[in-house]
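>
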Amino acid sequence: MPYAHITGWGMSVPETVLTNDDLAKIIDTNDEWIRGHTGIRERRIASENQFPSTLAVDASIKALQVANLKPTDIDLIICATSSPEYIFPATACLIQDELGATKAGAFDLLAACTGFIYATNMAAQSIRSGSIRNALVIGAETLSRFVDWKDRNTCILFGDGAGAFVLQASDQPGGVLSAVMHSDGSGGDALSLPGGGSHIPATEASIHEGKHYIHMDGKKVFRFATRVMGQAAKEVLELAGLTTNDVQWIIPHQANFRIIETAAKYLKMPLDKFIINVDRYGNTSTASIPIATVEAVEKGLLKNGDKIVLVGFGAGLTWGALAAEWTGPIPAEHKVHPESYRTWARTRSFMRRIVRFIEGLIWGRDS
Ligand SMILES: CC(C)(COP(=O)(O)OP(=O)(O)OC[C@H]1O[C@@H](n2cnc3c(N)ncnc32)[C@H](O)[C@@H]1OP(=O)(O)O)[C@@H](O)C(=O)NCCC(=O)NCCS
Numbered sequence: 015m016p017y018a019h020i021t022g023w024g025m026s027v028p029e030t031v032l033t034n035d036d037l038a039k040i041i042d043t044n045d046e047w048i049r050g051h052t053g054i055r056e057r058r059i060a061s062e063n064q065f066p067s068t069l070a071v072d073a074s075i076k077a078l079q080v081a082n083l084k085p086t087d088i089d090l091i092i093c094a095t096s097s098p099e100y101i102f103p104a105t106a107c108l109i110q111d112e113l114g115a116t117k118a119g120a121f122d123l124l125a126a127c128t129g130f131i132y133a134t135n136m137a138a139q140s141i142r143s144g145s146i147r148n149a150l151v152i153g154a155e156t157l158s159r160f161v162d163w164k165d166r167n168t169c170i171l172f173g174d175g176a177g178a179f180v181l182q183a184s185d186q187p188g189g190v191l192s193a194v195m196h197s198d199g200s201g202g203d204a205l206s207l208p209g210g211g212s213h214i215p216a217t218e219a220s221i222h223e224g225k226h227y228i229h230m231d232g233k234k235v236f237r238f239a240t241r242v243m244g245q246a247a248k249e250v251l252e253l254a255g256l257t258t259n260d261v262q263w264i265i266p267h268q269a270n271f272r273i274i275e276t277a278a279k280y281l282k283m284p285l286d287k288f289i290i291n292v293d294r295y296g297n298t299s300t301a302s303i304p305i306a307t308v309e310a311v312e313k314g315l316l317k318n319g320d321k322i323v324l325v326g327f328g329a330g331l332t333w334g335a336l337a338a339e340w341t342g343p344i345p346a347e348h349k350v351h352p353e354s355y356r357t358w359a360r361t362r363s364f365m366r367r368i369v370r371f372i373e374g375l376i377w378g379r380d381s
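In C-alpha cells form, the structure reads like this:
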C-alpha cells in the first residue's frame, strides 16, 4: 500500500490589511477588546476581483512548484471551502480549469473550518487505496463577503486567504499517519449561514433579514471548540501510536488564541509547540491550517522528519485532526514549471468554449 506524502505547499492572501483600529472606525469595538478576546490584530480582505479560486490558483501553483509537478500530473483536486463561489459549479472545477489540470477529478468539500483536515484525509486515503497518485488539496476563502459588517460579534473574526498542499504516493514510509473526523449536527445552529441554500432560498425577505450573513453564538462555539481541540489531537496521536513527546509541531485551526491556549493546557504541551498566526490573518476557515503550515516551513520551523498534528473545528459542528510525518518534496531529475501552464490553460479553456458555441450553432440550442 503506498504512503501519502505532503510534497508541496503554497499560500496566497490578499494584500489589503484590515486592522482592529480600522474596524473600530465602522463598528463599536476597539483593538484592546479584540486582541484580549481573540488574539487577532488584523486580517486580509479580498478585493472586488479576488475570489476563492483566484487565491486558490495562486496557492496551488506555488504548491505544484515545490512538489515539482505539472498541473496535468494531478489526478484529484479537493477544494475545502466555506465560501464557495457558487453552490455549483464547484470552486474546485474553476480551479481545475484555471490550472489546466486536464486529468483531474474535482469537487468541493464542505466541513466548514475542519474542511482542510477532512480533504487532506480524503486525498490521502485515495492515494493509500492505490486509486490515484497525485492530489491537490486546497482551503480557500473569501468569507469577508458573508460577514455582516454591522455585527461586531462576527466581523472581527474572519479573514480571506488560501492554502494548498500537494499529496503524492510513495513507497517510502511517512506522510499522513492517521486522521480522525467527527461531527455533531445537533449543534448546527451555533454557527451557520442560513440563506441562499434550498431551505431558505435568496429572496428579498431573506436578504432583508440578513440570512445571507454568518450567524454565530460565540459562547456556544467557544465551549465546543475548547472541549474538542485537545481531545481530537490526543485521539489522532493514539491512532498513530505516538505521544505528545513525539510531536514537534501542532498546527491548529486559527480561530482564537484563547482556544489554542486551552488546547495546549489540555495536552500539557507548551504553547511554543503550536504554530500561531491568528494575530495576522484572523480566522480564514479552511485556509487557516495550510497558511499556518506554509509560514512554518518558510520560517524554517518545520523540518523534514518532524511529526506534526493538524487539528481543527468548525460549523456543522465538525472537528478532526490529522497526524503526519513531514517529508518534503520527492527528489526529481527534471525541473518542471507549473506556472507556465497558465497561458495554455486559458487558451484551452477559451477554445473549448468556442467549440461548445460552434456545436450549439450546428446542432441547435434545443437539441
Ligand atoms: C466571539 C467571541 C470572541 C466573544 O467573546 P466573549 O468573551 O464570549 O464575549 P461576549 O459575547 O460574552 O461579550 C462580552 C461583552 O463584550 C461585548 N462585545 C462583543 N463583541 C464585541 C466587540 N467586537 N467589541 C467590543 N465589545 C464586544 C458584548 O456586547 C458583551 O458586552 P456586555 O457584557 O455589556 O453584554 C468568543 O465567544 C469566541 O471567540 N467564540 C468562538 C468563535 C469562533 O471561533 N468561531 C469560529 C469557529 S470556526
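Numbered per my numbering, the sequence shown spans residues 15 to 381.
Think of the CB as a built atom: it goes at the ideal place given N, C-alpha and C, for glycine as much as any other residue.
Within the segment 253-323, note down every full beta strand (DSSP E) run reaching 3 residues or more, in order along the chain.
263-266, all fully within the segment 253-323.
> Closer than 6 Å: is that where the CB of T33 sits relative to any heavy atom of ligand 1?
No, the Cβ of T33 stays beyond 6 Å of every heavy atom of ligand 1.
> Would the beta-carbon of F236 be found less than 6 Å away from any heavy atom of ligand 1?
For ligand 1, at least one heavy atom lies less than 6 Å from the Cβ of F236.
> Could you please give me the residues that DSSP links to A120 through a beta bridge?
According to DSSP, which records beta bridges pairwise, A120 is partnered with I91.
> Write down the C-beta distance between G129 and S96 rounded to the nearest angstrom, noting that I regard them as a contact closer than 8 Å.
The pair is a contact, with the Cβ atoms about 7 Å apart (cut-off 8 Å).
> Please work out which residues of its chain come closer than 7 Å, Cβ to Cβ, to C107, disregarding the five sequence neighbours upstream and downstream, and give them in chain order.
Excluding positions up to five away in sequence, the list reads A120.
> Helix, strand or coil: how does DSSP classify M195 here?
It is a strand residue.
> Let me know if E312 comes out buried or exposed under the rule of 16 or more other beta-carbons within 10 Å of its beta-carbon.
It is exposed - the Cβ of E312 has fewer than 16 other Cβ atoms within 10 Å.
> Can you give, in chain order, each stretch of the beta strand (DSSP E) that sits fully within the segment 95-173 and has at least 3 residues?
The qualifying runs are 119-123, 148-155.
> Put I221 into one of helix, strand or coil per three-state DSSP.
Looking at I221 - three-state DSSP - the assignment turns out to be helix.
> Three or more beta-carbon pairs under 8 Å between the segment 319-334 and the segment 168-175, yes or no?
The segment 319-334, when compared against the segment 168-175, does not touch it at the 8 Å Cβ threshold.
> Which residues mark the beginning and the end of the beta strand (DSSP E) in which S26 is found?
Unbroken beta strand (DSSP E) run through S26: 17-26.
> If the criterion is Cβ atoms closer than 7 Å, does the pair G210 and A216 meet it?
Yes. Within cutoff.
> Here's a check: name, in chain order, each residue in its chain whose Cβ is nearer than 6 Å to the Cβ of G53, leaving out the five neighbours to either side.
So the qualifying residues of the chain are F271, V292, D293.
> I need the DSSP call for L78, collapsed to helix, strand or coil.
Residue state, collapsed to three classes: helix.
> Using the three-state DSSP reduction, which class does V190 fall into: helix, strand or coil?
Of the three classes helix, strand and coil, the one that applies to V190 here is strand, per DSSP.
> Here's a check: name, in chain order, each residue in its chain whose Cβ is nearer than 6 Å to the Cβ of G232, leaving out the five neighbours to either side.
Closer than 6 Å at the Cβ level, and outside the excluded window around G232, lie N167.
> Rounded to whole angstroms, what's the CA-CA distance from P28 to P343? Just pull it up for me.
If I take the Cα positions, the gap works out to 27 Å.
> Could you tell me how far apart the beta carbons of A73 and A178 are, in whole angstroms, since I believe they sit closer than 8 Å?
With 8 Å as the limit, A73 and A178 qualify as a contact, their Cβ atoms being about 4 Å apart.
> Hey, how far is the Cα of E223 from the Cα of I101?
Roughly 21 Å separates the two Cα atoms.
> Tell me which residue opens and which closes the beta strand (DSSP E) that W47 is part of.
Here W47 belongs to no beta strand (DSSP E); instead the alpha helix (DSSP H) covers 45-52.
> Spatial neighbours of V161 within its chain, please: CB distance less than 8 Å, with the 5 preceding and 5 following residues excluded, ordered by chain position.
Hits under 8 Å: T168, C169, F172, Y227, I228.
> Taking 7 Å as the threshold (C-beta atoms), are W358 and G24 in contact?
No, the Cβ-Cβ distance between G24 and W358 is not below 7 Å.
> Just the Cα atoms here: how many angstroms apart are F288 and T300?
Distance between the alpha carbons of F288 and T300: 18 Å.
> In angstroms, rounded to a whole number, what distance separates the CA positions of I303 and L324?
About 7 Å.
> Check whether the Cβ of T30 sits closer than 6 Å to any heavy atom of ligand 1, and report yes or no.
No; taking the cut-off as 6 Å, the Cβ of T30 has no heavy atom of ligand 1 nearer than that.
> Does the distance between the C-beta of C127 and the nearest non-hydrogen atom of ligand 1 fall short of 6 Å?
Result yes, Cβ under 6 Å from ligand 1.
> Less than 7 Å between the beta carbons of A81 and V180, yes or no?
Against a cut-off of 7 Å, the Cβ pair of V180 and A81 comes out as a contact.
> Using a Cβ-based criterion (distance less than 6 Å to any ligand heavy atom), does K233 qualify as near ligand 1?
At least one heavy atom of ligand 1 is nearer than 6 Å to the Cβ of K233, so yes.
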